[in-house]
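A.B. asks:
Residue numbers (the UniProt record's numbering): 1 to 342.
1) For the beta strand (DSSP E) containing residue 43, name the first residue and the last one.
2) For a quick check, are the C-beta atoms of residue 80 and residue 274 less than 8 Å apart?
3) Where residue 120 and residue 18 are concerned, what is the direct C-alpha to C-alpha distance, given to the nearest angstrom?
4) Whole angstroms are fine: how far does the CA of residue 116 sit from the CA of residue 43?
5) Indicate the three-state DSSP secondary structure (helix, strand or coil) for residue 232 in the structure shown.
6) For residue 12, which beta-bridge partners are listed by DSSP?
7) Have a look at 258, 133, 252 and 55 and flag the residue whose alpha-carbon is nearest the alpha-carbon of residue 139.
8) What's the call for residue 93, buried or exposed, on a 16-neighbour Cβ count within 10 Å?
9) Over what stretch of residues does the beta strand (DSSP E) that includes residue 326 continue unbroken?
10) Please say whether residue 198 and residue 299 have beta carbons closer to each other than 8 Å?
11) Could you tell me which of 51, 56 and 31 sits nearest to residue 319, measuring between CA atoms?
12) Does DSSP classify residue 96 as helix, strand or coil?
13) Residue 90 and residue 102: beta carbons closer than 8 Å?
14) Starting from the C-beta of residue 105, find all residues in its chain whose C-beta is less than 8 Å away, skip the five residues before and the five after it, and write them out in chain order.
15) Taking the beta strand (DSSP E) that residue 142 belongs to, which residues open and close that run?
16) Secondary structure at residue 193, three-state DSSP: helix, strand or coil?
17) Take every Cβ of the segment 242-250, pair it with every Cβ of the segment 173-183, and state whether three or more of those distances are shorter than 8 Å.
18) Since residue 58 and residue 51 are thought to touch, with beta carbons under 8 Å apart, how far apart are those beta carbons, to the nearest angstrom?
19) Hey, how far is the Cα of residue 129 from the Cα of residue 233?
20) Any contact between the segment 151-160 and the segment 287-306? By contact I mean 3 or more CB pairs, one from each, below 8 Å.
21) So what does DSSP say about residue 221, is it helix, strand or coil?
22) Apart from the five residues on each side of it in sequence, which residues of its chain come closer than 6 Å, Cβ to Cβ, to residue 60?
23) Relative to the alpha-carbon of residue 166, which residue among 157, 148, 314 and 136 has its alpha-carbon at the smallest distance?
24) On a Cα-Cα basis, can you pick out the residue from 82, 315, 218 and 108 that is closest to residue 98?
25) Taking the alpha-carbon positions, what's the residue 305 to residue 122 distance?
26) Apart from the five residues on each side of it in sequence, which residues of its chain come closer than 7 Å, Cβ to Cβ, to residue 261?
27) Using DSSP bridges, identify the partner residues of residue 284.
28) To the nearest angstrom, how far is it from the Cα of residue 313 to the Cα of residue 186?
29) Please tell me whether residue 194 and residue 335 are closer than 8 Å, where the distance is taken between their beta carbons.
30) So, residue 62 versus residue 108, is the Cβ gap smaller than 8 Å?
31) Thinking residue 302 and residue 114 are a contact (beta carbons under 8 Å), I'd like their distance in whole angstroms, please.
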C-alpha cells in the first residue's frame, strides 16, 4: 500500500499516468527474469474521485504477482550471507536466525512504491511547468550506449554484475525552493538524502560536484548575466552548481548524479560464511538483475520529484490547485530586480 499526503484538491490524476512510470521502472538493459512476471499497476483506492484529487491522502495498492511463485521456498531458512547486502547487518540488528527477514525488506522491489508515489509528485509539479527526466551516463567502464550494453553482456556471461552512473534533471524549477536558514531544509541536502536512500546507491553529486576539486572559484561559479528580459531574469552562463545555491534552487535546471554499485546478488556467488556456524560457504543466490542503472534513473526521478513537490508545497501552500497557482503566480511576478517592486 502506498500513501501520499499533502496533494491539493483538483489535480487530475489517473492510473494510466502512474502505470506509465511503473512500466519505465521495469524496463532497461540488464534487467532479470522477474520483470517478465511482474506487471506493476497501482490501483487508486482513496483520495481521488472522478479523476481529480480530493486533498485527502491518496492510497494506492500494488500487487506483488511474484509472491505466489515463492510461497513454498520462502518458508525455508536462508543462512548463507551475501556480502554487500543487508543480510548480515539486518540479522544482527534484529536478532534474526533467518536472513530472508532482512533480504526481502531490503529488496529493490520496494522501489515500485516509490515510483508510484513519485508519479503523483511529478503530476503535481507538471501543473507548474516542472518536468523531470533522467539518463544513464555510464555503465562499468563504458559511457557509449553500445559499449554499455556490451559491458552488461560481459558481466552476465561471467555470472557477475555491473554498476553505473545516472543523471536526473528537473527543468522549470522556480528560484527559492529550500532554505539557507535551516540545515535540514537545504534543497541539495534533501535531494542527496533521497537519492542515497535508493538501494545500492553509494555516492551523489549535485551538478559538477565530483569535478570541482581541481578548479578555482572563478572557474566553477555560475556567472549571473545582466537582466535584459524582465520575464526571464537571473539567467546564468553555466550551470556547474546544478541548480542550487545556499541550499536553495537558483532557477536553473536542477541536476543530480548518483552512482549505483554492482548488485550484491551474483549468479556466480562470492565466498562467504554461514549465519549459523560461521563456516565458509558460497553466498546465497536468488533471481536477480545484472545491472540496475537504467531503472535507477526512473527511481531517481521519483525521489527528486517527491523532494521538490514537498518543497514546492511548503513554499506556496494551498488546499486546491487553483489556490496554489494563485500563490505561485503571485510569487513569480515578484522575481526580478528589486527596483521593479520599490
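Cβ coordinates follow ideal geometry from the N, Cα and C atoms, glycine included.
C.D. replies: Answer, in terms of the structure:
1) Counted from its first residue, the chain shown places residue 43 at position 43. Under the DSSP assignment, residue 43 falls in the beta strand (DSSP E) whose first and last residues are 42-46.
2) On the chain shown, residue 80 is found 80 positions in, with the first residue counted as 1. On the chain shown, residue 274 is found 274 positions in, with the first residue counted as 1. Closer than 8 Å, so yes.
3) Indexing the chain shown from 1 puts residue 120 at position 120. Indexing the chain shown from 1 puts residue 18 at position 18. Spanning the two alpha carbons is a distance of roughly 7 Å.
4) Here the question's residue 43 lines up with position 43 in the chain shown. Here the question's residue 116 lines up with position 116 in the chain shown. Rounded to the nearest whole angstrom, the CA to CA distance from residue 43 to residue 116 is 10 Å.
5) Your numbering for residue 232 matches position 232 in the chain shown. In the structure shown, residue 232 sits in coil (DSSP, three-state: anything other than H, G, I, E or B).
6) Here residue 12 is taken as the residue at index 12 of the chain shown, counted from 1. Looking at the DSSP assignment, residue 12 forms a beta bridge with 52.
7) Along the chain shown, one-based indexing puts residue 139 at 139. When only C-alpha atoms are compared, the closest one is 258.
8) The count along the chain shown starts at 1 and reaches residue 93 at position 93. With fewer than 16 neighbouring CB atoms inside 10 Å of its own CB, residue 93 falls in the exposed class.
9) Looking up residue 326 in the chain shown gives position 326. Where residue 326 is concerned, there is no enclosing beta strand (DSSP E), although the alpha helix (DSSP H) around it starts and stops at 321-332.
10) The residue you call residue 299 lines up with position 299 of the chain shown. The residue you call residue 198 lines up with position 198 of the chain shown. Their beta carbons are under 8 Å apart, which means residue 299 touches residue 198 by this criterion.
11) Taking the first residue of the chain shown as position 1, residue 319 is located at position 319. Taking only the C-alpha atoms, the option nearest residue 319 is 56.
12) The residue given as residue 96 occupies position 96 in the chain shown. Coil at residue 96, not helix or strand.
13) Counting from one through the chain shown, the residue named residue 90 turns up at place 90. Counting from one through the chain shown, the residue named residue 102 turns up at place 102. It is a contact, given that the beta carbons lie within the stated cut-off.
14) Translated into the one-based positions of the chain shown, residue 105 becomes position 105. Within the same chain, Cβ atoms closer than 8 Å to the Cβ of residue 105 are found at 86 and 90, the five residues on either side in sequence being excluded.
15) What you label residue 142 is simply residue 142 of the chain shown in a count that begins at 1. If you look at residue 142, you'll find it isn't in any beta strand (DSSP E); DSSP assigns it neither H nor E.
16) Mapped onto the chain shown, residue 193 falls at position 193. Three-state result, residue 193: helix.
17) Put simply, the segment 242-250 touches the segment 173-183. At least three CB pairs are less than 8 Å apart.
18) What you label residue 58 is simply residue 58 of the chain shown in a count that begins at 1. What you label residue 51 is simply residue 51 of the chain shown in a count that begins at 1. Not a contact, Cβ separation roughly 13 Å.
19) The sequence position of residue 129 within the chain shown is 129, counting from 1. The sequence position of residue 233 within the chain shown is 233, counting from 1. The straight-line gap from Cα to Cα measures roughly 17 Å.
20) Contact between the segment 151-160 and the segment 287-306 is present, because at least three Cβ pairs lie under 8 Å.
21) Taking the chain shown and counting its residues from 1, one reaches residue 221 at position 221. The answer is coil: DSSP assigns residue 221 none of H, G, I, E or B.
22) Stepping through the chain shown from its first residue, residue 60 is reached at position 60. Its chain contains 2, 42, 44 and 116 as the residues whose beta carbon lies nearer than 6 Å to that of residue 60, once the 5 sequence neighbours on both sides are disregarded; these appear in chain order.
23) Numbered from 1 along the chain shown, position 166 holds the residue referred to as residue 166. Out of 157, 148, 314 and 136, 136 has the C-alpha closest to the C-alpha of residue 166.
24) Position 98 of the chain shown, counting from 1, holds the residue named residue 98. Considering only alpha carbons, the answer is 82.
25) Along the chain shown, read from residue 1 onward, the residue named residue 305 stands at position 305. Along the chain shown, read from residue 1 onward, the residue named residue 122 stands at position 122. If I take the Cα positions, the gap works out to 6 Å.
26) Translated into positions along the chain shown, residue 261 becomes position 261. Once the five neighbours on either side are set aside, the close Cβ partners of residue 261 are 163, 200 and 202.
27) Position 284 of the chain shown holds residue 284. Looking at the DSSP assignment, residue 284 forms no beta bridge with any residue, so it has no partner.
28) By 1-based counting over the chain shown, the position of residue 313 is 313. By 1-based counting over the chain shown, the position of residue 186 is 186. Between residue 313 and residue 186, the alpha-carbon positions lie close to 15 Å from each other.
29) Translated into positions along the chain shown, residue 194 becomes position 194. Translated into positions along the chain shown, residue 335 becomes position 335. No, the pair does not count as a contact, with Cβ atoms beyond the cut-off.
30) Within the chain shown, residue 62 is the residue found at index 62, counting from 1. Within the chain shown, residue 108 is the residue found at index 108, counting from 1. Taking 8 Å as the cut-off, the beta carbon of residue 62 is found no closer than this to the beta carbon of residue 108.
31) One-based indexing of the chain shown puts residue 302 at position 302. One-based indexing of the chain shown puts residue 114 at position 114. Separation of the CB atoms of residue 302 and residue 114 is rounded to 5 Å, and the pair is thereby assigned contact status at 8 Å.
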